[in-house]
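Q:
In the UniProt record's numbering, the protein residues as written are 1 to 344.
#1: Tell me whether the stretch 222–241 and the stretch 170–184 touch, counting them as touching only if at least three CB pairs, one residue from each stretch, are closer than 8 Å.
#2: Buried or exposed for residue 177, going by 16 or more other Cβ atoms inside 10 Å?
#3: Could you give the distance in angstroms between the alpha-carbon of residue 27 and the alpha-carbon of residue 184?
#4: Quick check: the Cα distance between residue 5 and residue 73, rounded to an integer number of angstroms?
#5: Have a look at the DSSP bridge pairing and note the partners of residue 207.
#6: Residue 87: which of 32, 316, 12 and 159 sits nearest, CA to CA?
#7: Cα-Cα, which of 276, 212 and 146 is closest to residue 124?
#8: How would you write the range of the beta strand (DSSP E) that residue 172 sits in, first residue to last?
#9: In this structure, does DSSP put residue 81 in helix, strand or coil?
#10: Flag this pair as touching only if the stretch 319–334 and the stretch 268–285 have three or more C-beta atom pairs under 8 Å; answer yes or no.
#11: By the three-class DSSP mapping on this structure, what secondary structure does residue 219 have?
#12: Which residue's Cα is closest to the Cα of residue 45: 194, 31 and 217?
#13: Just confirm the distance between the C-beta atoms of residue 308 and residue 134, as a whole number of angstroms; I'd bet it's less than 8 Å.
#14: Excluding the 5 residues flanking residue 80 on each side, which residues of the same chain have their C-beta closer than 8 Å to its C-beta?
#15: Using only alpha-carbon positions, find the residue among 245, 254, 215 and 289 that is nearest to residue 260.
#16: Ordered along the chain, which non-local residues of its own chain (more than five positions away) have a Cβ less than 8 Å from that of residue 196?
#17: Looking at residue 255: is its Cβ nearer than 8 Å to the Cβ of residue 222?
#18: Could you tell me the boundaries of the alpha helix (DSSP H) in which residue 132 lies?
#19: Please identify the residue among 252, 283, 276 and 209 whose C-alpha is closest to the C-alpha of residue 302.
#20: Just to confirm, is the Cβ distance from residue 283 to residue 265 under 8 Å?
#21: Run the CB neighbour count on residue 239, radius 10 Å, all protein chains shown included, and call it buried at 16 or more, exposed below.
#22: Measure from the alpha carbon of residue 310 to the alpha carbon of each residue in 187, 138 and 76, then state which is nearest.
#23: Spell out the partners DSSP gives residue 311 in its beta bridges.
#24: Can you tell which of 51, 98, 319 and 262 has its C-alpha closest to the C-alpha of residue 34?
#25: Where residue 285 and residue 95 are concerned, what is the direct C-alpha to C-alpha distance, given to the nearest angstrom?
#26: Under the three-state reduction of DSSP, which class applies to residue 276: helix, strand or coil?
#27: Residue 6 bridges to which residues according to DSSP?
#28: Which of the three DSSP states, helix, strand or coil, is assigned to residue 20?
#29: Going by DSSP in three states, residue 66 sits in which element: helix, strand or coil?
#30: Tell me which same chain residues have a C-beta within less than 7 Å of the C-beta of residue 20, skipping the five on either side of it?
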């Protein structure tokens, strides 16, 4: 029997692309998606007529628990790294609705904002940090980060579910960094960090740089991220229970390179100036407080370090990112953001 898949965030950027990637490879699988309003439900159904709509929000514990208990695979992307209630509902549903003979597979979306705690603790923005994590030799460090780190509260729920109920719940935290590229989902196709930086560049006529602009963050194209979700879904469907993939060791970084935020800002300004959208390729340095006024946490992230090496998925699942680099994507992104601003 074809696997059943429950998706949260199908109308969002990550979830929409993950649904596209997995369903494109496996059109015979059964898909259900949590959607909170009728208008978005219609958009999802228009693209996926055989998909079952589950009306509800992330606060609907009973709804989510029931769907998680029934599904063979749960792909959780909707505010996944921060909404404790939804994570608890999935954990409880998977543990109660599955058995050792029929385990449930939980593909949970984390975020490498969790790696920024050192900068936050030190109130340090725009400075370079040489610390680089990795998800193979340094995997234990990733699953035992400080409790006050961003997203850590939800990470612990997922890790506990995959450890305490290891025979029944096969969990993995897929942890993407800065995501870029146009999504292929039915509703939301835009990422956040770089598009917001580009948008502010166009509005201010100068690209914002936090502090010295030396902070470094990993990046990944959303299509490559979709491929990684598909590889994990394939592992679930074939009952690949390699202990290196799930549970206590199921923490996977999803990066394909890194960038200094100051360099991204300069590239955005150069592309905007070349296209004639701003007078000159200029930048402007901002303090933490000034950045917050521009774009709250999105802007603060441009001043933080989040660095890691994605080894596990490449070694164990053969993940091979192949989409255009962030540098190749910036001119097209600048054009899209300019066109979007003209429509407002």
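By construction, the Cβ of each residue, glycine as well, lies at the ideal position given by its N, Cα and C atoms. Keep in mind that this is a model prediction, so the values were computed, not measured.
A: Inspection of the coordinates gives the following:
#1: yes
#2: By one-based count along the chain shown, residue 177 stands at place 177. So residue 177 ends up on the buried side.
#3: The residue you call residue 27 lines up with position 27 of the chain shown. The residue you call residue 184 lines up with position 184 of the chain shown. So the alpha carbons of these two residues sit roughly 16 Å apart.
#4: Counting from 1 along the chain shown, the entry for residue 5 is found at position 5. Counting from 1 along the chain shown, the entry for residue 73 is found at position 73. Their Cα atoms are separated by approximately 5 Å.
#5: Residue 207 sits at position 207 when you count from the first residue of the chain shown. Residue 207 pairs with 283.
#6: As a working note, residue 87 is residue 87 in the chain shown. For residue 87, the nearest C-alpha among the options comes from 159.
#7: One-based indexing of the chain shown puts residue 124 at position 124. Of the candidates 276, 212 and 146, the one whose C-alpha sits nearest the C-alpha of residue 124 is 212.
#8: By 1-based counting over the chain shown, the position of residue 172 is 172. Looking at the DSSP string, the run of the beta strand (DSSP E) that includes residue 172 is 169–175.
#9: As a first step, residue 81 is located in the chain shown; it is residue number 81 there, counting from the start. Residue 81: coil per DSSP, three-state reduction.
#10: Three or more pairs of CB atoms, one per stretch, sit closer than 8 Å, so the stretch 319–334 contacts the stretch 268–285.
#11: Here residue 219 refers to the residue found at position 219 of the chain shown. Of the three classes helix, strand and coil, the one that applies to residue 219 here is strand, per DSSP.
#12: Counted from its first residue, the chain shown places residue 45 at position 45. For residue 45, the nearest C-alpha among the options comes from 31.
#13: Here residue 308 is taken as the residue at index 308 of the chain shown, counted from 1. Here residue 134 is taken as the residue at index 134 of the chain shown, counted from 1. Indeed, because the Cβ distance is near 6 Å, the residues count as touching under 8 Å.
#14: Start at 1 with the first residue of the chain shown, and residue 80 comes out as number 80. So the list reads 8, 9, 86, 87, 108, 109, 110 and 154, once near-sequence residues are dropped.
#15: The residue you call residue 260 lines up with position 260 of the chain shown. For the residues 245, 254, 215 and 289, the minimum Cα distance to residue 260 belongs to 215.
#16: Mapped onto the chain shown, residue 196 falls at position 196. Closer than 8 Å at Cβ, skipping near neighbours: 295, 298 and 299.
#17: Against the chain shown, residue 255 aligns to sequence position 255. Against the chain shown, residue 222 aligns to sequence position 222. Cβ atoms of residue 255 and residue 222: not closer than 8 Å.
#18: Within the chain shown, the letter at position 132 stands for residue 132. From DSSP, residue 132 is part of no alpha helix (DSSP H); its letter is neither H nor E.
#19: Within the chain shown, the letter at position 302 stands for residue 302. For the residues 252, 283, 276 and 209, the minimum Cα distance to residue 302 belongs to 209.
#20: One-based indexing of the chain shown puts residue 283 at position 283. One-based indexing of the chain shown puts residue 265 at position 265. Closer than 8 Å, so yes.
#21: Mapped onto the chain shown, residue 239 falls at position 239. The residue in question, residue 239, is exposed, as its Cβ has fewer than 16 Cβ neighbours within 10 Å.
#22: For the purposes of this step, residue 310 is taken as residue 310 along the chain shown, with counting starting at 1. Closest option to residue 310, Cα to Cα, is 138.
#23: The sequence position of residue 311 within the chain shown is 311, counting from 1. Residue 311 pairs with nothing; no bridge assigned.
#24: Reading the chain shown from its first residue, position 34 is the one you call residue 34. Among 51, 98, 319 and 262, the Cα nearest to that of residue 34 belongs to 51.
#25: Taking the chain shown and counting its residues from 1, the one referred to as residue 285 is at position 285. Taking the chain shown and counting its residues from 1, the one referred to as residue 95 is at position 95. The alpha-carbon atoms of residue 285 and residue 95 are separated by roughly 50 Å.
#26: Taking the first residue of the chain shown as 1, we reach residue 276 at position 276. Residue state, collapsed to three classes: coil.
#27: Position 6 of the chain shown holds residue 6. DSSP links residue 6 through a beta bridge to 32 and 74.
#28: Along the chain shown, read from residue 1 onward, the residue named residue 20 stands at position 20. The three-state secondary structure of residue 20, taken from DSSP, is helix.
#29: The sequence position of residue 66 within the chain shown is 66, counting from 1. In the structure shown, residue 66 sits in a helix (DSSP, three-state: H, G or I).
#30: Against the chain shown, residue 20 aligns to sequence position 20. Excluding positions up to five away in sequence, the list reads 184, 185 and 226.
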